[in-house]
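Asker:
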Amino acid sequence: MKTVLSKMVSAKTISRKTVSITVKMPHTITNYDKCRRKLCLFKRAVFFAFILVYLKIFAMIVTKVHKESKQKVESASTATNIFNKLPPDFMDLIQSSDRNERQKALEILLQQLQITPILDGNAQYGSLISILDGQMCKGCNNSIVVLAANCMKYLVRGLKKRIVRYSSQIAESALLKLKVKKSVVSSAMVELVETLLEICGFEILATNIYNALSSKYPPVQLHTALILSRFFAHLEPFMFSNQQIKEALQYLFSIANSRDSDTRDAGMKALGIALAVGGEQTLEVSVGNNNIDKMKLLRIREHANAFLASINEENKESVQVEEEKPVQVDVEQKEVQIIKSTSNELENKEIQNAESNEKAFSKELKEKVTIETRNSFPKQIAEEQQQVETTASRDVVSSNVIPVTKTSIQNTFSSSMSISSETESDALITESDVIKQLAEEFMRIVSVSLYSRLFHKDLAERVKGLVALYESCVKNEAAAFNSSDIFFKYCVWNMYSNSENLFSQVLQFIQFLVQFHIDRNQKLQFEDICSAIPHILSLFGREDEEIRKNVRKIMRQIYSISSPFHIFLEIVNKLKYATGIEKAEYIYQIRILIPAWAYGKSDAAVQAFYMLAECLNDSDERIRDFALRTIVDIYLEKSDSLCSLITLTETQKQLVDCAIRHYKSLSTWEHIAMLCEEEKAFQ
């Protein structure tokens, strides 16, 4: 019994202990769960981190493999036989009588040609080209014709020079198909012909082009002329000396006399672009051999100006123009020496400048640059964008090349030098004798630091260089007088810059040079400024009135210290081809110079008088009136001997006599008031 009771007590005790244990356990289990949860979260985080790392590595591997496979595909496509990619029954499909099957075959061919840039030239493409040619010529369905033309275009691009043997056949079919008035068809044919011109060259397709230009179908002539206009836009000026291109220009002149207005305008557009790119000499002989009236010549020149304007607009859009900032000249700036001295102090300065310049140009490389020279009419035509090689000068060479774009072609009517400012390099030396001489002269008379600024590719640096050159001229007057011709040539080079800031600085520097001679009672020799005169005069054609006003001021200053007769000849030559406000400006300059040339210089005076007489027939009433007043001033100024050399038509005589009587009837004050009114119109 005791044993049983003791067992019951012990069991009870154990149960109590158990209960007490069960009461205390929840707290211990909760901590363990928290630790376990934290450990699980940590494991998961580590696991996901490893997964991310593996995914990144996998992505890198996939990218690398993809690039390698792509390169392998491209390398494998260097010479691909297109027939291996086509269905076995392709030739049957493309020659099928069912239009849908032919269209399906052409679509398959076009798709394969588009992804196969280079074709194997050893494969036999004669039969395929003949089939495509037949589809283009004889196809009645426009979609089939366009597909065939597109396939032919990609085939030409893929075969490149190997297509030459078939080029004449393809061009003949494409040009003949231009008679179709459907725009979708003509566009496809135009693209094909332009691709052939790009791959094969004009010489290969010259006969086909001539035949198209002399075609009896006006649309064929129209589109061919437009093709040539786009083709001429990408030529270099010297290419127009090619005899086959000259013959094409003759055909274009015949198109300019076409009855169809659109065809006529297309021909004149092509001639205008040829004029803009190749210069006046390109069309000079052709104009003499063809009966082209003045209105058509004027229209050709308008197309040339429009083309040049579009080029300038493209240049402005492509070039990021820096914000114009006023140039602040440090008062403590080192004096730039114009003439080098042999003193030790100046030699030390030269060494320091050279060392600082060498740091700015770390690499010594030889690069090709392009120099665009302006054409002179009618005998001197300079080659635009002539590729030249820079040479090392004082261990300062350029490591950057600025691409050249075409700008306005200026007719200079003289053999004076004109250099395009659009070609910039850090140190500019060219094979051209004139440019080389200019660079060498600057190297001889200025320091290395100033030279590197004046010929720097950065236009802002050139502005600073001009400011420094201005200060140097003020400090060293004798050197400035001796180097005037070099400074004017440098200004001409930068006159056609895309930077308005640099252009403004160049005009100010020209005005400073002229005023510099006036203030010191120094005669400015015409030989010193002859290179700049035609280009300064050409600025009268600018639309900006402020620019023309500054040019008028400069010209008045030049007249007072230079030979006005030589300048007068330049103005008369400019007047021959001027239009609009530019013509009025030249008449105004002639009127200013009447006292200078009316006595004795009869040949120049007669030439100017006849030019003014032609202006009496101008369509602009203001120009007619202004020319008449100038002629009357010539009569009133002088001279019986001059007037006896001049022969006018009966109508012109009556007009001039009537104007002279009117002018003589005016009182002195009325005449002065009229002159003041005219002066205000040009101020």
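Read in the working numbering, the sequence shown has 1468 at position 14, and its numbers run on one by one without any break.
For glycine and all other residues, C-beta sits at the position ideal for the given N, C-alpha and C.
Given the structure is predicted, the values throughout are model-derived calculations rather than measurements.
If I'm right that Asp1587 touches Ile1624 with Cβ under 8 Å, what's the distance once you round it to whole angstroms?
Answerer: About 6 Å; that satisfies the 8 Å criterion.
Asker: Using the three-state DSSP reduction, which class does Thr2105 fall into: helix, strand or coil?
Answerer: It is helical.
Asker: On the criterion of 16 or more Cβ atoms from any shown chain inside 10 Å, does Phe1501 qualify as buried, or is it exposed?
Answerer: Exposed is the call here.
Asker: Taking buried to mean at least 16 other C-beta atoms within 10 Å of its own C-beta, is Lys2028 buried or exposed?
Answerer: Per the 10 Å Cβ criterion, buried.
Asker: Would you call Met1990 buried or exposed, if buried means 16 or more other Cβ atoms sit within 10 Å of its Cβ?
Answerer: With the sequence shown as reference, residue 1990 is identified as Ile, and Met is not the correct amino acid for it. Buried, by the Cβ-count rule.
Asker: List the whole-angstrom C-beta distance separating Ala2032 from Phe2080, where the pair is believed to meet the contact cut-off of C-beta under 8 Å.
Answerer: Contact flag wrong, Cβ pair sits at about 13 Å.
Asker: Is it right to say Cys1442 is buried, meaning 16 or more other beta carbons lie within 10 angstroms of its own, or is it exposed?
Answerer: An answer regarding residue 1442 cannot be provided, because it is not within the stretch 1455 to 2137 covered by the chain.
Asker: Are the segment 1691 to 1698 and the segment 1672 to 1682 in contact at 8 Å, needing three or more beta carbon pairs?
Answerer: Judged by Cβ distances under 8 Å, the segment 1691 to 1698 makes no contact with the segment 1672 to 1682, as fewer than three pairs qualify.
Asker: Under the rule that 16 or more other beta-carbon atoms within 10 Å means buried, what is Gly1732, buried or exposed?
Answerer: Its Cβ being crowded by 16 or more others within 10 Å, Gly1732 is buried.
Asker: Taking 9 Å as the CB-CB cut-off, is Asp1973 touching chain C?
Answerer: This model lacks chain C altogether; it includes just one protein chain.
Asker: Is the beta carbon of Phe1761 less than 9 Å from the beta carbon of Ala1730?
Answerer: Yes. Within cutoff.
Asker: What separation, rounded to the nearest whole angstrom, lies between the Cα atoms of Asn1952 and Asn1769?
Answerer: So the two alpha carbons sit approximately 8 Å from each other.
Asker: Along the alpha helix (DSSP H) that carries Thr1534, what are the first and last residues, could you check?
Answerer: Neither: Thr1534 is in no alpha helix (DSSP H) and is coded neither H nor E.
Asker: Below 6 Å CB to CB, which residues in the same chain sit around Met1749 once its five sequence neighbours on both sides are set aside?
Answerer: Taken in chain order, the list of residues that qualify is empty.
Asker: Compute the distance between the beta-carbons of Ile2044 and Thr2084, then report whether it is under 9 Å.
Answerer: Yes, the pair counts as a contact, with Cβ atoms nearer than the cut-off.
Asker: Pull up the DSSP beta-bridge partners for Leu1573, would you.
Answerer: Answer by DSSP bridge pairing, in chain order: Thr1534.
Asker: Taking the alpha-carbon of Ile1996 as reference, which of Tyr2040, Glu2024, Val1610, Met2065 has the nearest alpha-carbon?
Answerer: Note that residue 1996 is Arg in the sequence shown here, rather than Ile. Out of Tyr2040, Glu2024, Val1610, Met2065, Tyr2040 has the C-alpha closest to the C-alpha of Arg1996.
Asker: Counting only the same chain and skipping the five closest in sequence on each side, list residues whose C-beta sits under 7 Å from that of Ser1668.
Answerer: Contacts found: Tyr1705.
Asker: Residues in its own chain within less than 6 Å of Phe1685 by CB, not counting five upstream and five downstream?
Answerer: Taken in chain order, the residues that qualify are Leu1651.
Asker: Over what stretch of residues does the alpha helix (DSSP H) that includes Phe1707 continue unbroken?
Answerer: Unbroken alpha helix (DSSP H) run through Phe1707: 1697 to 1709.
Asker: For Leu1752, does the count of other Cβ atoms within 10 angstroms reach 16, so buried, or fall short, so exposed?
Answerer: Looking at its Cβ environment, which holds fewer than 16 other Cβ atoms inside 10 Å, Leu1752 is exposed.
Asker: On the three-state DSSP scale, how would you describe Cys1594?
Answerer: Coil at Cys1594, not helix or strand.
Asker: Using the three-state DSSP reduction, which class does Tyr1950 fall into: helix, strand or coil?
Answerer: If DSSP states are grouped into helix, strand and coil, Tyr1950 belongs with coil.
Asker: Run through DSSP, which three-state label would Glu1801 get?
Answerer: Residue placement at Glu1801 is flagged as unreliable, the pLDDT there being 41, under the threshold of 50; the coordinate-derived value follows with that caveat. Here Glu1801 sits in helix by DSSP.
Asker: Which of the three DSSP states is assigned to Ser1901 in this structure?
Answerer: Coil at Ser1901, not helix or strand.
Asker: Could you say which of Leu1630, Val1618, Ala1758, Lys1636 lies nearest to Ala1687 if we only look at CA atoms?
Answerer: It is Ala1758 whose Cα lies nearest to the Cα of Ala1687.
Asker: Is the distance from the Cβ of Ile1536 to the Cβ of Thr1570 below 9 Å?
Answerer: Taking 9 Å as the Cβ cut-off, Ile1536 and Thr1570 qualify as a contacting pair.
Asker: With a CB to CB cut of under 7 Å and the five nearest residues on each side skipped, what residues in its chain are close to Ala1642?
Answerer: If we look at Ala1642 and ignore the five residues flanking it on each side, its Cβ neighbours are Val1600, Ala1603, Asn1604.
Asker: Label Asp1719 either buried or exposed according to how many other C-beta atoms from any shown protein chain fall within 10 Å of its C-beta, with 16 as the threshold for buried.
Answerer: Per the 10 Å Cβ criterion, buried.
Asker: Quick one: what's got a C-beta closer than 8 Å to Gln2011's C-beta in the same chain, skipping five residues either side?
Answerer: For Gln2011, where only same-chain residues beyond five positions count, the Cβ hits under 8 Å are Gln1965, Val1968, Gln1969, Ile1972.
Asker: At 4 residues or longer, what runs of the alpha helix (DSSP H) sit wholly inside the segment 1661 to 1691?
Answerer: Complete alpha helix (DSSP H) runs here, min 4: 1672 to 1686.
Asker: Just to confirm before moving on: does the CB-CB distance between Pro1673 and Ser1708 stay below 9 Å?
Answerer: No; because the gap between Cβ atoms is not below 9 Å, this pair is not in contact.
Asker: So Arg2078 and Asp2087 are supposed to be a Cβ contact under 8 Å. How far apart are they, rounded?
Answerer: Actually they do not touch by this definition, with Cβ atoms about 15 Å apart.
Asker: Closer than 8 Å is the cut-off here; do at least three beta carbon pairs connect the segment 1535 to 1549 with the segment 1489 to 1501?
Answerer: With a cut-off of 8 Å, the segment 1489 to 1501 and the segment 1535 to 1549 do not count as touching, because too few Cβ pairs lie within range.
Asker: Give me, in chain order, the residues of the same chain whose beta-carbon lies closer than 7 Å to that of Thr1534; leave out the 5 immediate sequence neighbours on both sides.
Answerer: Answer for Thr1534: Thr1570, Ile1572, Leu1573, Asp1574, listed in chain order.
Asker: Looking at Val1634 and Ile1681, is the spacing between their C-beta atoms short of 9 Å?
Answerer: Not in contact: Ile1681 and Val1634 (Cβ atoms no closer than 9 Å).
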